[in-house]
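K.L.:
The following block contains the structure, expressed as structure tokens.
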Amino acid sequence: EDQVTQSPEALRLQEGESSSLNCSYTVSGLRGLFWYRQDPGKGPEFLFTLYSAGEEKEKERLKATLTKKESFLHITAPKPEDSATYLCVIADSWGKFQFGAGTQVVVTP
Amino acid sequence: GAVVSQHPSRVICKSGTSVKIECRSLDFQATTMFWYRQFPKQSLMLMATSNEGSKATYEQGVEKDKFLINHASLTLSTLTVTSAHPEDSSFYICSAPGGVDTNTGELFFGEGSRLTVL
Numbered sequence: 005e006d007q008v009t010q011s012p013e014a015l016r017l018q019e020g021e022s023s024s025l026n027c028s029y030t031v032s033g034l035r036g037l038f039w040y041r042q043d044p045g046k047g048p049e050f051l052f053t054l055y056s057a058g059e060e061k062e063k064e065r066l067k068a069t070l071t072k073k074e075s076f077l078h079i080t081a082p083k084p085e086d087s088a089t090y091l092c093v094i095a096d097s098w099g100k101f102q103f104g105a106g107t108q109v110v111v112t113p
Numbered sequence: 125g126a127v128v129s130q131h132p133s134r135v136i137c138k139s140g141t142s143v144k145i146e147c148r149s150l151d152f153q154a155t156t157m158f159w160y161r162q163f164p165k166q167s168l169m170l171m172a173t174s175n176e177g178s179k180a181t182y183e184q185g186v187e188k189d190k191f192l193i194n195h196a197s198l199t200l201s202t203l204t205v206t207s208a209h210p211e212d213s214s215f216y217i218c219s220a221p222g223g224v225d226t227n228t229g230e231l232f233f234g235e236g237s238r239l240t241v242l
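Residue numbers (our numbering), protein chains in the order written: chain H, 5 to 113; chain Y, 125 to 242.
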């Protein structure tokens, strides 16, 4: 059975303090791993898609990497506006999506 | 990029009434749409998969008679919460896979609908 585990559940950072979020997964044939950002009271906003081990994607202060067992979302020199819940989602070869529980990130000035 | 629009964003209703939430794919056709429910500080919980032209597939524990789903066209799916009660108050979100480039496979989410049942 597909499974997605995100850690930590919550992360409190000082502005400028870089850190990484983890998404561990087990899946029968990975079609894609997706990272989303969700602000309170809003739908998730798409950030990245990763398809194969070794792949990396970057967007502003965020960088996502992928191995055969996990993905990391690195936040470099975060700003308060990076505060959000970050969701990891996988799609298996059958097209079924599995969600992680999310990591709530708070960046304080 | 692909856009999924959800309406209304907020709705308040009296107990016993029905509420309809619409989910539209604005620049792509969606044969499949997903409906989720999200409680505060929790992740999205899949309620059902909406299939254009056929019956929706409900997840275990979701009452199909309470949460009516209709996917009448390739760009519109609706969720109707029938005879709503306070415990149905929640944040409802829809999503559709694919987009302009359906090979990308990612889900595109609506903005969400906050339902409050008095």
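The beta-carbon is built from N, C-alpha and C at its ideal position, and this holds for glycine as well.
When the Cα atoms are used, what is the spatial distance from H:L70 to H:S56?
P.N.:
Cα to Cα, H:L70 sits roughly 7 Å from H:S56.
K.L.:
Give a yes or no on whether 9 Å exceeds the smallest Cβ distance from Y:I193 to chain H.
P.N.:
With 9 Å as the cut-off, Y:I193 does not count as an interface residue toward chain H.
K.L.:
Name, going along the chain, the residues of the region 36 to 61 of chain H whose beta-carbon falls closer than 8 Å to a beta-carbon of chain Y.
P.N.:
Hits within the stretch, in order: G36, F38, Y40, G45, K46, G47, P48, E49, F50 and T53.
K.L.:
Just checking my contact of H:S87 with H:V111 at CB under 8 Å: how many whole Å lie between their CB atoms?
P.N.:
Contact flag correct, Cβ pair sits at about 5 Å.
K.L.:
In its own chain, which residues sit with a C-beta less than 7 Å from the C-beta of Y:V135, not counting the 5 before and 5 after it?
P.N.:
Contacts found: V143, S237 and L239.
K.L.:
With 9 Å set as the bound, which would you pick, yes or no: does the beta-carbon of H:A88 sit closer than that to a beta-carbon of chain Y?
P.N.:
Cβ-Cβ to chain Y under 9 Å: no for H:A88.
K.L.:
In three-state DSSP terms, what is Y:P221?
P.N.:
Here Y:P221 sits in strand by DSSP.
K.L.:
Might you give, ordered along the chain, the residues of its own chain that have their beta carbon closer than 8 Å to the beta carbon of H:F65, omitting 5 neighbours on each side?
P.N.:
One point to set straight first is that residue 65 of chain H is Arg, not Phe, in the sequence displayed. Same-chain partners within the cutoff: I79, T80, A81, P82, K83 and D86.
K.L.:
In terms of residues, what are the limits of the beta strand (DSSP E) holding H:Y29?
P.N.:
Counting along the chain, the beta strand (DSSP E) containing H:Y29 begins and ends at S23 to T30.
K.L.:
Under a Cβ-count criterion, where at least 16 other Cβ atoms within 10 Å of its own Cβ denotes burial, should Y:Q130 be classed as buried or exposed?
P.N.:
Burial call: buried.
K.L.:
Taking Cβ positions only, does Y:L200 come closer than 9 Å to chain H?
P.N.:
No - not a single Cβ of chain H is within 9 Å of the one on Y:L200.
K.L.:
Just to confirm, are H:Y29 and H:Q102 a CB contact at a threshold of 9 Å?
P.N.:
Yes, the Cβ-Cβ distance between H:Y29 and H:Q102 is below 9 Å.
K.L.:
Please tell me whether Y:F215 has its Cβ less than 9 Å away from any Cβ of chain H.
P.N.:
So, interface residue.
K.L.:
When the cut-off is 9 Å and only beta carbons count, does H:L91 lie next to chain Y?
P.N.:
Closer than 9 Å to some Cβ of chain Y, the Cβ of H:L91 qualifies, so yes.
K.L.:
Which of helix, strand or coil does DSSP assign to H:P113?
P.N.:
Of the three classes helix, strand and coil, the one that applies to H:P113 here is coil, per DSSP.
K.L.:
If you measure from the beta carbon of Y:V224 to each beta carbon in chain H, is any gap under 9 Å?
P.N.:
Because the pLDDT of Y:V224 is 42, which lies under 50, any placement of that residue in the model is unreliable, and the number read from its coordinates should be weighed accordingly. Closer than 9 Å: no.
K.L.:
List the residues that DSSP assigns as beta-bridge partners of H:F52.
P.N.:
In DSSP, H:F52 forms a bridge with H:W39.
K.L.:
Here's the rule: buried if 16 or more other CB atoms are within 10 angstroms of the residue's CB, otherwise exposed. What is H:E60?
P.N.:
When all chains shown are included, H:E60 counts as exposed.
K.L.:
Taking only beta carbons into account, state which residues of the region 153 to 186 of chain Y come closer than 7 Å to chain H, listed in chain order.
P.N.:
Within the region 153 to 186 of chain Y, the residues whose Cβ lies closer than 7 Å to some Cβ of chain H are S167 and L168, listed in chain order.
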